[in-house]
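Visitor: What follows is a single structure, and I will ask about it in a moment.
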Amino acid sequence: MESSDVKSERSKSPQERIPVKNVKIHGQKNRGKERYKPGDQIYVRKVSGFFQKLRQRMNLVYFAFFLLLPWLQFNGHQAVLFDIAEQRFTLWSLTLWPQDLTLLAWIFILGAFLLFFVTTFLGRVWCGYMCPQTVWTFIFIWFEERIEGTANQRRKLDQQPLNANKFIRKFLKHGAWLLFSLFTAMTFAGYFSPMQELFINVFTFNTSAMMAGILFFFTLATYGNAGWMRETVCLHMCPYARFQSAMFDKDTLTVAYDKERGENRGARGRKQDHKSMGLGDCIDCNLCVEVCPTGIDIRNGLQYECINCGSCVDACSGVMTRMNYPQGLIRYTTEHELAGKKVHLVRSKLIGYAVLLLIMTTMLVLEIVNRVPLSLDIIRDRTELAKENFNGDIENVYTLKILNMSQTDNVYKLSVKGIENTQWHGKQEVLVEAATVYTLPISISVDPYELKSLMTDITFVVEQASDEDVRIEQESRFFNKR
31 MESSDVKSER
41 SKSPQERIPV
51 KNVKIHGQKN
61 RGKERYKPGD
71 QIYVRKVSGF
81 FQKLRQRMNL
91 VYFAFFLLLP
101 WLQFNGHQAV
111 LFDIAEQRFT
121 LWSLTLWPQD
131 LTLLAWIFIL
141 GAFLLFFVTT
151 FLGRVWCGYM
161 CPQTVWTFIF
171 IWFEERIEGT
181 ANQRRKLDQQ
191 PLNANKFIRK
201 FLKHGAWLLF
211 SLFTAMTFAG
221 YFSPMQELFI
231 NVFTFNTSAM
241 MAGILFFFTL
251 ATYGNAGWMR
261 ETVCLHMCPY
271 ARFQSAMFDK
281 DTLTVAYDKE
291 RGENRGARGR
301 KQDHKSMGLG
311 DCIDCNLCVE
321 VCPTGIDIRN
331 GLQYECINCG
341 SCVDACSGVM
351 TRMNYPQGLI
361 RYTTEHELAG
371 KKVHLVRSKL
381 IGYAVLLLIM
391 TTMLVLEIVN
401 RVPLSLDIIR
411 DRTELAKENF
421 NGDIENVYTL
431 KILNMSQTDN
441 VYKLSVKGIE
451 NTQWHGKQEV
461 LVEAATVYTL
471 PISISVDPYE
481 LKSLMTDITF
491 VVEQASDEDV
501 RIEQESRFFN
511 KR
């Protein structure tokens with residue numbers, strides 16, 4: 031049954047009733063892309079400004095570094111080469127082997143904590159300015175703009191039925207994407223295989239089946255990630271986007287919209303007094319959404335999809351300049367600054383990360399400085415632990431594997447200690463080429479009266495002839511006959 035209030039309202043004349051109005055809720059404007067529909071197309075609009083120029087220059091340096099690094103030569107070899115087949119990593123004058131696993135671990139841990147420190151201090155600047163996914167996505171968008179036109183032109187082209195113009199432009203775009211992806215794959219593979227040989231083999235169609243498969247995989251991965259998936263990688267695949275908020279605090283630098291200045295939103299003329307109209311500085315032009323590579327509306331607040339690229343900052347700053355409003359409606363800021371509170375540049379979390387970085391950097395440097403570029407493996411004769419030779423001495427047979435972990439040929443002296451009056455049968459001075467293993471079969475004999483037990487600990491010593499500091503000792507056992 032209807033209530034008396036409803037009946038009385040219906041009994042009123044149309045002039046007496048309360049008028050119904052559609053109220054627009056600010057901040058709920060279509061963001062251009064549904065969050066959980068990664069198949070929707072985002073047409074990123076081109077924008078210029080300080081942060082975009084900064085990003086482009088950083089990306090240029092980053093890409094040039096990526097491109098040229100595997101071509102550099104040092105002392106007759108590739109300066110940077112992660113040779114998996116030979117199980118060694120070359121970084122200029124430093125060669126790392128599987129024995130240097132702790133050193134590699136320190137490098138990776140240091141890189142992780144450096145990322146934590148930068149994220150706590152500057153937010154997701156890595157994502158916006160240096161992440162390969164972002165760099166390659168903007169490069170692919172550059173190809174789109176040159177071949178298909180602006181964001182609106184690309185949208186209209188996709189809505190058209192297939193015709194000659196659309197086919198040619200799509201063919202050129204995807205061809206450029208694939209060629210650039212192949213070039214990227216070849217450059218990346220050059221970090222793991224000698225670059226000069228790789229390029230010669232590719233252009234002479236002389237690559238192995240495995241290398242061809244690797245190039246095909248990374249070409250397809252680059253083409254798919256930067257050309258098709260793009261923001262989907264950031265929104266749904268990258269784990270960093272999910273846990274980076276745990277490193278944020280109220281003094282972390284983020285891209286934010288100043289609601290106190292911007293609300294209420296609405297269109298107005300350049301010379302109109304928007305304050306008297308009850309409007310804020312935001313003219314609701316939606317440019318901040320159109321230039322966003324992940325399709326979000328920064329006016330809805332801090333979101334994990336934001337990669338801090340600054341595109342919306344430059345777009346909004348341009349609008350504010352044209353409207354003769356102060357810049358900074360959308361800006362790099364902190365939660366404390368937006369709330370009018372004091373910003374703390376130095377804080378406990380940053381100090382903690384800085385101390386950890388200092389400790390780990392010190393340990394890494396000490397590890398490198400104290401590293402001995404020499405390794406020794408000892409293999410005993412397994413067929414006979416001990417035998418008696420023609421002199422009546424007890425003899426043990428060993429195979430020494432001397433690894434020269436440096437990048438120069440070196441002469442090494444060999445000796446043994448632990449038992450008095452030992453006889454060394456074999457070479458005691460060998461030349462080992464750079465980055466190679468020298469296999470040396472030797473035997474040690476001892477007068478049985480020198481042996482006090484069935485088994486005696488001995489130590490093999492390998493010392494570089496030109497530098498006594500390059501020295502390694504390896505323990506073994508000498509067995510007596512029963």
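Numbering of the sequence shown is given in my numbering, commencing with residue 31 and proceeding in unit increments.
Every residue gets a Cβ at the ideal spot worked out from N, C-alpha and C, and that includes glycine.
(1) From what residue to what residue does the beta strand (DSSP E) around H374 run?
(2) Y479: buried (16+ other C-beta within 10 angstroms of its C-beta) or exposed?
(3) Excluding the 5 residues preceding and the 5 following V232 in the sequence, name in chain order all residues of the same chain whose CB lies nearer than 7 Å to its CB.
(4) Can you look up N426 in the DSSP assignment and give me helix, strand or coil?
(5) If we count the other Cβ atoms within 10 Å of its Cβ and call it buried at 16 or more, is G57 buried or exposed?
(6) For Y159, which residues from the same chain have a beta carbon less than 6 Å from its beta carbon, with the 5 sequence-adjacent residues on both sides left out?
(7) In the DSSP assignment, find the unbroken beta strand (DSSP E) run with H455 in it and report its ends.
(8) Less than 8 Å between the CB atoms is what I'm expecting for L484 and I424, so what's the real figure, rounded?
(9) Where do the N-terminal and C-terminal ends of the beta strand (DSSP E) with Y362 fall, by residue?
(10) Any contact of the region 345-364 with the region 290-301, i.e. 3+ C-beta pairs under 8 Å?
(11) Output the distance between the C-alpha atoms of N421 and K431, rounded to the nearest integer angstrom.
(12) Less than 7 Å between C-beta atoms, sequence neighbours within five positions excluded: which residues of the same chain meet that for I244?
(13) When burial is assigned at 16 or more other CB atoms within 10 Å of the CB, is W207 buried or exposed?
(14) Does the Cβ of Q494 have 16 or more other Cβ atoms within 10 Å, making it buried, or fewer, making it exposed?
(15) Leaving out five residues before and five after V165 in sequence, what residues of the same chain have Cβ atoms less than 7 Å from its Cβ?
(16) In terms of residues, what are the limits of the alpha helix (DSSP H) holding M350?
(17) Which one or two residues does DSSP pair with Q16 in a beta bridge?
(18) What's the call for K83, buried or exposed, on a 16-neighbour Cβ count within 10 Å?
(19) A115 by DSSP, collapsed to three states: which one?
(20) Mind checking whether I488 and V427 have CB atoms under 8 Å apart?
(21) Only counting the same chain, and skipping five residues up and downstream in sequence, which positions put a Cβ closer than 7 Å to that of Y253?
(22) In angstroms, rounded to a whole number, what distance separates the CA positions of C342 and L332?
Guide: Inspection of the coordinates gives the following:
(1) Sequence index remark: in the sequence shown, residue 374 carries index 344 (1-based). Run containing H374: none; DSSP gives neither H nor E here.
(2) The sequence position of residue 479 within the sequence shown is 449, counting from 1. Counting Cβ neighbours within 10 Å, Y479 comes out exposed, since fewer than 16 surround it.
(3) The residue labelled residue 232 in the question sits at position 202 within the sequence shown. Answer for V232: M216, listed in chain order.
(4) To locate residue 426, count along the sequence shown from 1; it is residue 396. In the structure shown, N426 sits in a strand (DSSP, three-state: E or B).
(5) Translated into the one-based positions of the sequence shown, residue 57 becomes position 27. Unreliable placement is indicated for G57, whose pLDDT of 42 sits below 50; the coordinate value is still reported in the next sentence. Exposed, since its Cβ has fewer than 16 Cβ neighbours within 10 Å.
(6) As a position in the sequence shown, residue 159 is number 129, starting the count at 1. Taken in chain order, the residues that qualify are R85 and M88.
(7) Translated into positions along the sequence shown, residue 455 becomes position 425. From DSSP, the beta strand (DSSP E) with H455 extends over Q453 to H455.
(8) Within the sequence shown, residue 484 is the residue found at index 454, counting from 1. Within the sequence shown, residue 424 is the residue found at index 394, counting from 1. Wrong, their Cβ atoms sit about 11 Å apart, outside the cutoff.
(9) For this step, residue 362 is matched to residue 332 along the sequence shown. From DSSP, the beta strand (DSSP E) with Y362 extends over I360 to T363.
(10) yes
(11) Walking along the sequence shown from the start, residue 421 turns up at place 391. Walking along the sequence shown from the start, residue 431 turns up at place 401. So the alpha carbons of these two residues sit roughly 28 Å apart.
(12) For the purposes of this step, residue 244 is taken as the residue at position 214 of the sequence shown. So the list reads A219, once near-sequence residues are dropped.
(13) For the purposes of this step, residue 207 is taken as residue 177 along the sequence shown, with counting starting at 1. W207 comes out buried.
(14) What you label residue 494 is simply residue 464 of the sequence shown in a count that begins at 1. Buried, by the Cβ-count rule.
(15) Taking the sequence shown and counting its residues from 1, the one referred to as residue 165 is at position 135. Here the set comprises N89, Y92 and F93.
(16) Looking up residue 350 in the sequence shown gives position 320. It spans S341 to R352 - the alpha helix (DSSP H) in which M350 sits, taken as one unbroken run.
(17) Beyond the ends of the chain as shown, which are 31 and 512, falls residue 16; an answer cannot be given.
(18) As a first step, residue 83 is located in the sequence shown; it is residue number 53 there, counting from the start. Classification of K83: exposed, given that the 10 Å Cβ count is below 16.
(19) The residue given as residue 115 occupies position 85 in the sequence shown. In the three-state DSSP reduction, A115 falls in the coil class, being neither helix nor strand.
(20) Numbered from 1 along the sequence shown, position 458 holds the residue referred to as residue 488. Numbered from 1 along the sequence shown, position 397 holds the residue referred to as residue 427. No, these two residues do not count as a Cβ contact at 8 Å.
(21) Here residue 253 refers to the residue found at position 223 of the sequence shown. Closer than 7 Å at Cβ, skipping near neighbours: W207, L208 and S211.
(22) Working through the sequence shown from its first residue, we reach residue 342 at position 312. Working through the sequence shown from its first residue, we reach residue 332 at position 302. The alpha-carbon atoms of C342 and L332 are separated by roughly 13 Å.
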